[in-house]
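All you need for the numbering used here is the position in the sequence shown, starting with 1, plus 1024.
The C-beta atom is built at its ideal place from N, Cα and C for all residues, glycine as well.
Quantities reported herein were computed from a predicted structural model and do not represent experimental measurements.
Right, one structure below, let's go through it.
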Amino acid sequence: MTLGIFRRGLLMLLVALGLTRGDLAKPSKLVNCTCENPHCKRPICQGAWCTVVLVREQGRHPQVYRGCGSLNEELCLGRPTEFVNHHCCYKSFCNHNVSLMLEATQTPSKEPEVDLPLILGPVLALLVLVALGALGLWRVRRRQEKQRGLHSDLGESSLILKTSEQGDSMLGDFLDSDCTTGSGSGLPFLVQRTVARQVALVECVGKGRYGEVWRGLWHGESVAVKIFSSRDEQSWFRETEIYNTVLLRHDNILGFIASDMTSRNSSTQLWLITHYHEHGSLYDFLQRQTLEPQLALRLAVSAACGLAHLHVEIFGTQGKPAIAHRDLKSRNVLVKSNLQCCIADLGLAVMHSQSSDYLDIGNNPRVGTKRYMAPEVLDEQIRTDCFESYKWTDIWAFGLVLWEIARRTVINGTVEDYRPPFYDMVPNDPSFEDMKKVVCVDQQTPTIPNRLTADPVLSGLAQMMRECWYPNPSARLTALRIKKSLQKLSHNPEKSKVIH
Ligand code: ADP
Ligand code: MG
C-alpha cells in the first residue's frame, strides 16, 4: 500500500515535471521535439532533449506523452517503474517515431482514482519529497530483481547534463549528489546510459582475459571503460548488478560510474565505466617500481581496508551485504594517485546477508585465476554452500598479493625483480593440474625472502602471509584482522612484531 503511494508519487512527479518545463532555465543547446501530451500548447516544443513517456494511470490504458526535456528536469533521471517507461534522445524530432512498450507486468494496486491535473499545484512540493523517498525504497525492494536493460541506440552524445564551473569535477558532483542516495551506489540507470554515451574512447590501457580497458574522456575527465567481450557478459552483468544494488562507495574499492549495454550492428557492447587510475594495476605498478617499506605498507593496508569493507556485512539502510571477491590478484588491485590501492573487478563476487541467510552466488561460468586459487578450490573440497569458504579463498589470494609487494620492497639496499606467485614452481599460464600438484599435493607456498626478517615492517608482513596460507581455510586470518595488524604495524612497527 505505502509502496503504491510512493510509486504513484513518483509517476505524478514525472508528469508534473513535464508541465513545469516552461518555467525552467533554458539549456545551452536546444532541439525541436514533437509535443503530444495534454499540456502541449503547440505540436512542437524546444528543449535540451526530446522525451517519450509511456504512462499508465490507474485503471486506464497506457498513454504516450511526447515532449521536451530541459536541463533542470528530472524526467530522464528516473528509472522505469511499473507505471512509466521513458526514453530520451537528443536530435531534433527524434521522439517522433519512437514507440515504447510497458516494461512492467505487475498489476497496479487498487487505490482511489485521483484527478491528476487538479492536485498537481498544491501537492507538488510534497511529491518531490515523496518521490525521493520512493526512489530509495523502490531500489531496496528491487535489490534482488534483475536489471531490465533499456536498449536504444541514441547515436549521438551532445547532451550537457549539468553545468559546472571550470576546474570542478563534474563526475564528483554527480556521484556525490542526492540522486545517488538510496540503497544503490550508482547513478540512476538512464543517467548512466547518458554518461556512457558521452564518453570518448582515447587509448587502450590494458587487455585482460575477457576484454579491454580503455581510457576515456567524459567532459574532460579521464574515466576507465572496461569493454567486456560477449563471452564474458555474465561478469558485466554481475558487476553491474552489485554496483547498482550495494552501497559500495569506499576509498579502497574501485569507484563505479556507469554501466551500459548498446547494440550496434547486431552485436552487443557491454561497458563498465569506473574511475581511471593512471598507475594502472598493482601488478603494473610493481613491474616499474621498487618500494620503501613505508610505501609497501601503505599499499598493503589500503588493499586490506578494501577487502575488509567487501567482506563485512553492514546492517541498516546504509548497509551492505558481505561480499567475497573470488578473483583477487595484483591485476585486480589498482594503484591510485595517492598511492593507496583500490580493489577492482567484482564480476565473480558472491554476496551474503546474515539476516536472510541468503547466499547469492550469481551464475557466472567464469572461474578465478588459477595461479591464485586456494588449495580447497584446486582439490574441489571447498564448501560452495557456505559463504565463509569464499572469504577464506580471498585471504589465500591476499597473502599472495602481500608476497608480490614484499619482493619489491627494498631492505638494506636489496630487492628482487617482480615475479608472479609460484613463478618458480609452475609454467607460464599454469593449468589447473599444474597448480593442484604444487599447492595441494606438494603443499608448497611461495618462498618468503630471508631479508624480510631484517625489517620490522616486512617481518610482520611475512608472518601475516604465513597466516593467510594455512591449509585449513578456517584457520586463516580474517580481512579485519589483517587490516588491524597492518594498521598497527604502520603506527608502531617495533611493538607489533607479534601480530596476534
Ligand atoms: P585482468 O584483470 O584480467 O588483467 P582487466 O580487463 O580487469 O583484466 O584489466 C586489464 C588491465 O587494464 C589491468 O591490468 C590494468 O592495467 C588496466 N586497468 C583496469 N582498470 C583500470 C582503471 N580503472 N584505471 C586504469 N587502468 C585500469
Ligand atoms: Mg581485472
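Can you tell me whether residue i is helix, strand or coil according to DSSP?
i       : result
Trp1427 : helix
Ser1326 : helix
Thr1417 : helix
Asp1384 : strand
Val1463 : helix
Trp1295 : strand
His1349 : coil
Ala1282 : strand
Ser1259 : helix
Val1336 : coil
Leu1501 : coil
His1376 : strand
Leu1272 : coil
Ser1305 : strand
Glu1135 : With a pLDDT of 38 at Glu1135, under the threshold of 50, the modelled position of this residue cannot be trusted, and the question is left open.
Leu1124 : coil
Ser1287 : strand
Gly1232 : strand
Leu1211 : coil
Lys1344 : strand
Gln1277 : Reading the sequence as shown, one finds Ile at residue 1277 and not Gln. If DSSP states are grouped into helix, strand and coil, Ile1277 belongs with the strands.
Cys1118 : coil
Gly1484 : helix
Gln1405 : coil
Phe982  : In this structure the chain extends from 1025 to 1524, so residue 982 is not present and cannot be described.
Phe1422 : helix
Arg1443 : coil
Lys1507 : helix
Ser1254 : helix
Asn1474 : helix
Met1449 : coil
Gln1311 : helix
Gln1222 : coil
Thr1469 : coil
Cys1410 : coil
Tyr1267 : helix
Arg1066 : coil
In the DSSP output, which residue or residues are listed as bridge partners for residue i?
i       : result
Arg1239 : Glu1227 and Ala1248
Glu1060 : Arg1090
Val1055 : Gly1071
Thr1438 : Ile1435
Cys1366 : Leu1358
Gly1392 : Gly1392 is not bridged to any residue.
Leu1513 : Looking at the DSSP assignment, Leu1513 forms no beta bridge with any residue, so it has no partner.
Cys1113 : Cys1074
Leu1319 : None; Leu1319 has no bridge partner.
Please check the pair residue i and residue j, which I expect to be a contact at CB under 8 Å, by giving their CB distance rounded to whole angstroms.
i       : j       : result
His1274 : Gly1330 : 7 Å
Ala1282 : Leu1211 : 6 Å
Asp1351 : Asp1369 : 6 Å
Ile1338 : Ile1277 : Not quite, the Cβ-Cβ distance comes to about 13 Å (not below 8 Å), so this is no contact.
Cys1118 : Cys1074 : 5 Å
Gly1392 : Glu1263 : Contact flag wrong, Cβ pair sits at about 15 Å.
Met1459 : Lys1394 : 5 Å
Trp1238 : Val1229 : 6 Å
Asn1388 : Ser1483 : At roughly 39 Å, the Cβ-Cβ gap does not stay under 8 Å, so Asn1388 and Ser1483 are not in contact.
Arg1090 : Asn1061 : 6 Å
Ala1346 : His1333 : With 8 Å as the limit, Ala1346 and His1333 do not qualify as a contact, their Cβ atoms being about 10 Å apart.
Ala1324 : Leu1426 : 6 Å
Phe1252 : Leu1294 : 4 Å
Leu1510 : Leu1321 : 7 Å
#### Entry: Cβ contact (3+ pairs, closer than 8 Å) linking the stretch 1415-1427 and the stretch 1386-1403
yes
### Query
Are at least three pairs of beta-carbons, each pair with one atom in the stretch 1229-1246 and one in the stretch 1266-1273, less than 8 Å apart?
no
### Task
Check whether the stretch 1428-1437 touches the stretch 1450-1461, taking contact to mean three or more Cβ pairs, one atom from each stretch, closer than 8 Å.
no
#### Entry: Beta carbon nearer than 6 Å to a non-hydrogen atom of the ligand MG
Gly1232, Arg1355, Asn1356, Ala1368 and Asp1369
### Query
Can you find at least 3 beta carbon pairs, one from the stretch 1296-1307 and one from the stretch 1243-1256, that sit closer than 8 Å?
yes
### Query
Would you say the stretch 1501-1515 touches the stretch 1438-1448, given that touching needs at least three Cβ pairs under 8 Å?
no
### Query
Hey, is the stretch 1349-1363 in contact with the stretch 1307-1315, meaning 3+ C-beta pairs nearer than 8 Å?
yes
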